[in-house]
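Colleague: Residue numbers (our numbering), protein chains in the order written: chain E, 1 to 341; chain G, 1 to 341. We treat Cβ as the ideally placed atom computed from N, Cα and C, and that holds for glycine.
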């Protein structure tokens, strides 16, 4: 008896529909279906439950030099997801395991097991993608290893209500620092001063921003955790204390435009005069210490010293809009798109 | 019998005649005489034999923010000198001792003994003022403690024929690095490649400078020792290797103008993508380790691994012109003005 044609399994995904040459909008993305292959040897099939979107991903769509490589139309959007293993051809990962990895923006991902991390299935996937994922680890290593804050020091965080910023500031508080956040709206500043527990928060759009920035840093700045570059970095450079440290984590101000802000003034003079260290880092360089960081952050979460926040969108179709919201400064905490159980 | 009026002892000095608001010229200085007081308790009188002039002093004449404070017309030029003690009211320093300190541009200096360092009288004062003085110490701590070069790495030095640069490059060679110098004339580049022993040297005024800079750094740059800021810093930023270090030692490009160059492009983006550390320092922060550095450098000098160079001017009247030559890029090594024995 001849076999009939097998019906390929198809599943939802989001592709890049158009390479942006200006501000990002929903039309740059398209919801499509793709065939889901059977897992090969060493592979597993994952039902993705949630993905996260980070501002840093914008650089990868620019077509210019970035550590993320060049973009291509029609390709499924890259990104990190968490989900449950539905089928496994790999040792060490079983059906039902919760895994985290670079699934992309898709409902079903077939991946090499070696590219996945098995995570605690009892925790909300949003935790794996936020505070225990790249963003939380970035905050942890950037603040502690690059910034090296001491108790009593003043720490300033830009994009402070963002996925990285709100964690970095809370870790600095846990270390006994005075923490000042800079964010893009009064609403975010209220959250930072209130629930999130910063000592002060400033709206970077305030007409008196520079004066407010000076007032909020009477003892100058020991550690500036820079998520933005641009004007806020420029203001911070003029307020650094002797032996201050600037943690260069990202350059949000340059992600969404073909014409990035010019560099801030006073480099290298201000670095010399105040003996300031300015250091760029990528979290991937700390991969061998991720477990240590996750254990420490879980401890802080359980003790209530660290309260990670996320904003939730429902369904893959919402992912493009979530990315636009993120870059437009309309989100607080980690951006999570939930795809279902 | 009534005493006659005592004749005050007078001695030569150089004062700031005019605060410069553009390029420095000899007319900004005036040779004058001043009264030399008797040393008070704890003081000594020093016959200054030589002074040194550093490009960094230019910042102190600008009237704007600098770690050296604001300038004043009619005041004796500040600066470091070496000389012999002629009279002492201080314990621990005797007549005939060789001392080094902030004598200013004058032939006779009366100073608190605590502001002087007793040095080896058997050595040429030019050594105390150059390689064993602030410039040599700046090269030593900037390169080794801030730059942390490893054997086999590529080290680039700007203002490489200068007082700091030519020492920094030689220390890097002694550490087993490949050393590329950037200087302001073909003559300087020949000296750097020849007698001074760099692996390569580039004239920053070459029309093909950027291409030559790339060719001279095929493995990119691990340590960039920046004495200039401006365009050379800009070129270096684009050539840094992963985990590269930029030692921000000075900003010569900004010393002699009221309109400093804009900051180089790509900050903070290039620091993030290449995980580069950019660090400003002042040598004074290493004061507790000066003896260690001087002993090490004397050892290298005796072994022939470090050959400090200086350019000599004769007489205080030549000091202003020497400063102008220095800022005009017409000097190699440490600028020394000899005042006599």
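Going by other Cβ atoms of all chains shown within 10 Å of its Cβ, with 16 needed for buried, is residue 188 (chain E) buried or exposed?
Modeller: As a first step, residue 188 (chain E) must be located in the first chain, where it is residue number 188. When all chains shown are included, residue 188 (chain E) counts as buried.
Colleague: Can at least three beta-carbon pairs, one atom from the segment 128-139 of chain E and one from the segment 160-168 of chain E, be found at a separation below 8 Å?
Modeller: They touch, by the three-pair rule.
Colleague: How long is the line joining the alpha carbons of residue 304 (chain E) and residue 146 (chain G), rounded to whole angstroms?
Modeller: For the purposes of this step, residue 304 (chain E) is taken as the residue at position 304 of the first chain. For the purposes of this step, residue 146 (chain G) is taken as the residue at position 146 of the second chain. Answer to the nearest angstrom: the Cα atoms are 39 Å apart.
Colleague: Can you tell me whether residue 205 (chain E) is buried or exposed, with buried defined as 16 or more other CB within 10 angstroms of its CB?
Modeller: Within the first chain, numbered from 1, the residue matching residue 205 (chain E) stands at position 205. Classification for residue 205 (chain E): exposed.
Colleague: Label residue 287 (chain G) either buried or exposed according to how many other C-beta atoms from any shown protein chain fall within 10 Å of its C-beta, with 16 as the threshold for buried.
Modeller: One-based indexing of the second chain puts residue 287 (chain G) at position 287. Residue 287 (chain G) is exposed by the Cβ-count criterion.
Colleague: Indicate the three-state DSSP secondary structure (helix, strand or coil) for residue 77 (chain E) in the structure shown.
Modeller: Your numbering for residue 77 (chain E) matches position 77 in the first chain. Note: residue 77 (chain E) maps to coil in three-state DSSP.
Colleague: According to DSSP, is residue 248 (chain E) helix, strand or coil?
Modeller: Counting from one through the first chain, the residue named residue 248 (chain E) turns up at place 248. Three-state result, residue 248 (chain E): strand.
Colleague: Taking C-beta to C-beta, are residue 129 (chain G) and residue 82 (chain G) nearer than 7 Å?
Modeller: Start at 1 with the first residue of the second chain, and residue 129 (chain G) comes out as number 129. Start at 1 with the first residue of the second chain, and residue 82 (chain G) comes out as number 82. Taking 7 Å as the Cβ cut-off, residue 129 (chain G) and residue 82 (chain G) qualify as a contacting pair.
Colleague: Take residue 232 (chain E) and list the residues in its own chain whose beta-carbon comes closer than 7 Å to its own, dropping the five residues that flank it on each side.
Modeller: Position 232 of the first chain holds residue 232 (chain E). 158, 182, 204.
Colleague: Give me the chain E residues within the contact set of residue 220 (chain G), using Cβ-Cβ distance strictly less than 7 Å, ordered along the chain.
Modeller: Within the second chain, numbered from 1, the residue matching residue 220 (chain G) stands at position 220. Neighbours of residue 220 (chain G) on chain E: none; closest Cβ ~14 Å, over 7 Å.
Colleague: Check the Cβ-Cβ distances between residue 288 (chain E) and every residue of chain G, and say whether any is below 7 Å.
Modeller: Counting from one through the first chain, the residue named residue 288 (chain E) turns up at place 288. No, residue 288 (chain E) does not count as interfacial toward chain G.
Colleague: By DSSP, does residue 117 (chain E) sit in helix, in strand, or in coil?
Modeller: Translated into the one-based positions of the first chain, residue 117 (chain E) becomes position 117. In the structure shown, residue 117 (chain E) sits in a strand (DSSP, three-state: E or B).
Colleague: Beta carbon of residue 177 (chain G), beta carbon of residue 76 (chain G): below 7 Å?
Modeller: Position 177 of the second chain, counting from 1, holds the residue named residue 177 (chain G). Position 76 of the second chain, counting from 1, holds the residue named residue 76 (chain G). No, the Cβ-Cβ distance between residue 177 (chain G) and residue 76 (chain G) is not below 7 Å.
Colleague: Closer than 8 Å, Cβ to Cβ, to anything on chain E: give me those residues from the segment 279-305 of chain G, in chain order.
Modeller: So the list reads 279, 280, 281, 282, 285, given in the order they occur along the chain.
Colleague: In angstroms, rounded to a whole number, what distance separates the CA positions of residue 349 (chain G) and residue 100 (chain G)?
Modeller: Given that chain G is displayed from residue 1 to residue 341, the structure contains no residue 349 (chain G) and the question cannot be resolved.
Colleague: Nearest-angstrom Cα distance between residue 338 (chain G) and residue 51 (chain G)?
Modeller: The sequence position of residue 338 (chain G) within the second chain is 338, counting from 1. The sequence position of residue 51 (chain G) within the second chain is 51, counting from 1. Spanning the two alpha carbons is a distance of roughly 7 Å.
Colleague: How far does the alpha helix (DSSP H) with residue 164 (chain G) in it reach, from first residue to last?
Modeller: As a first step, residue 164 (chain G) is located in the second chain; it is residue number 164 there, counting from the start. Here residue 164 (chain G) belongs to no alpha helix (DSSP H), and DSSP marks it neither H nor E.
Colleague: What is the rounded straight-line gap between the Cα of residue 249 (chain G) and the Cα of residue 116 (chain E)?
Modeller: Here residue 249 (chain G) corresponds to residue number 249 of the second chain, with the count starting at 1. Here residue 116 (chain E) corresponds to residue number 116 of the first chain, with the count starting at 1. Whole-angstrom Cα-Cα distance: 45 Å.
Colleague: In terms of residues, what are the limits of the alpha helix (DSSP H) holding residue 224 (chain G)?
Modeller: Here residue 224 (chain G) refers to the residue found at position 224 of the second chain. That residue, residue 224 (chain G), is in no alpha helix (DSSP H); its beta strand (DSSP E) goes 221-226.
Colleague: What does residue 274 (chain E) touch in chain G if you count any residue whose Cβ is under 8 Å from its own?
Modeller: Along the first chain, read from residue 1 onward, the residue named residue 274 (chain E) stands at position 274. Here the neighbours are 280.
Colleague: For the segment 286-329 of chain E, which segments carrying the beta strand (DSSP E) assignment without a break, of at least 3 residues, lie completely within its bounds, in sequence order?
Modeller: Counting only runs of 3 or more, we get 310-314.
Colleague: What does the Cβ neighbour count give for residue 184 (chain E), buried or exposed, with the cut at 16 atoms within 10 Å?
Modeller: By one-based count along the first chain, residue 184 (chain E) stands at place 184. The residue is buried, with at least 16 neighbouring Cβ atoms inside 10 Å.
Colleague: Going by beta carbon distance, what residues of the same chain come within less than 6 Å of residue 122 (chain G), once the five residues before and after it are set aside?
Modeller: Indexing the second chain from 1 puts residue 122 (chain G) at position 122. Contacts found: none.
Colleague: Apply the 10 Å Cβ neighbour rule to residue 198 (chain E) and answer buried if 16 or more other Cβ atoms are within range, or exposed otherwise.
Modeller: Taking the first residue of the first chain as position 1, residue 198 (chain E) is located at position 198. By the neighbour-count rule (16 or more Cβ atoms within 10 Å), residue 198 (chain E) is buried.
Colleague: Give me the DSSP bridge partner(s) of residue 12 (chain E).
Modeller: Along the first chain, read from residue 1 onward, the residue named residue 12 (chain E) stands at position 12. DSSP output for residue 12 (chain E) lists E:33 as bridge partner(s).
Colleague: With H, G and I counted as helix, E and B as strand and the rest as coil, what does DSSP make of residue 59 (chain E)?
Modeller: The residue you call residue 59 (chain E) lines up with position 59 of the first chain. Helix, per DSSP.
Colleague: So, does the CB of residue 192 (chain G) fall closer than 7 Å to a CB anywhere in chain E?
Modeller: Working through the second chain from its first residue, we reach residue 192 (chain G) at position 192. No, residue 192 (chain G) lies away from the interface with chain E (no Cβ there is under 7 Å from its Cβ).
Colleague: Using C-beta distances below 7 Å, list every residue in its chain close to residue 235 (chain E), excluding the 5 sequence neighbours before and after it, in chain order.
Modeller: Taking the first residue of the first chain as 1, we reach residue 235 (chain E) at position 235. So the qualifying residues of the chain are 210, 213.
Colleague: Figure out for me which residue from E:113, E:171, E:88, E:149 has the closest Cα to the Cα of residue 299 (chain E).
Modeller: Along the first chain, one-based indexing puts residue 299 (chain E) at 299. Among E:113, E:171, E:88, E:149, the Cα nearest to that of residue 299 (chain E) is on E:171.
Colleague: Would you report the Cα separation of residue 281 (chain G) and residue 143 (chain G), rounded to the nearest angstrom?
Modeller: Residue numbering aside, residue 281 (chain G) sits at position 281 when the second chain is read from its first letter. Residue numbering aside, residue 143 (chain G) sits at position 143 when the second chain is read from its first letter. Those two C-alpha atoms are separated by around 11 Å.
Colleague: Using a Cβ-Cβ cut-off of 7 Å, state whether residue 328 (chain E) counts as contacting chain G.
Modeller: As a first step, residue 328 (chain E) is located in the first chain; it is residue number 328 there, counting from the start. No, residue 328 (chain E) lies away from the interface with chain G (no Cβ there is under 7 Å from its Cβ).
Colleague: Going by the DSSP bridge assignment, what does residue 84 (chain E) pair with across the sheet?
Modeller: As a position in the first chain, residue 84 (chain E) is number 84, starting the count at 1. The partner list for residue 84 (chain E) (beta bridge, DSSP) reads E:47, E:98.
Colleague: According to DSSP, simplified to helix, strand and coil, what is residue 124 (chain G)?
Modeller: Mapped onto the second chain, residue 124 (chain G) falls at position 124. In this structure, residue 124 (chain G) counts as coil in the three-state DSSP scheme.
Colleague: Are the beta-carbon atoms of residue 45 (chain E) and residue 72 (chain E) separated by less than 7 Å?
Modeller: Stepping through the first chain from its first residue, residue 45 (chain E) is reached at position 45. Stepping through the first chain from its first residue, residue 72 (chain E) is reached at position 72. Result no, Cβ atoms of residue 45 (chain E) and residue 72 (chain E) do not sit closer than 7 Å.
Colleague: Quick one: which chain G residues come within Cβ less than 8 Å of residue 13 (chain E)?
Modeller: Here residue 13 (chain E) corresponds to residue number 13 of the first chain, with the count starting at 1. Under the 8 Å cutoff, chain G gives no residues; its nearest Cβ is about 28 Å from residue 13 (chain E).
Colleague: Determine whether the Cβ of residue 271 (chain E) lies closer than 7 Å to any Cβ atom of chain G.
Modeller: Within the first chain, residue 271 (chain E) is the residue found at index 271, counting from 1. Yes, its Cβ sits closer than 7 Å to a Cβ of chain G.
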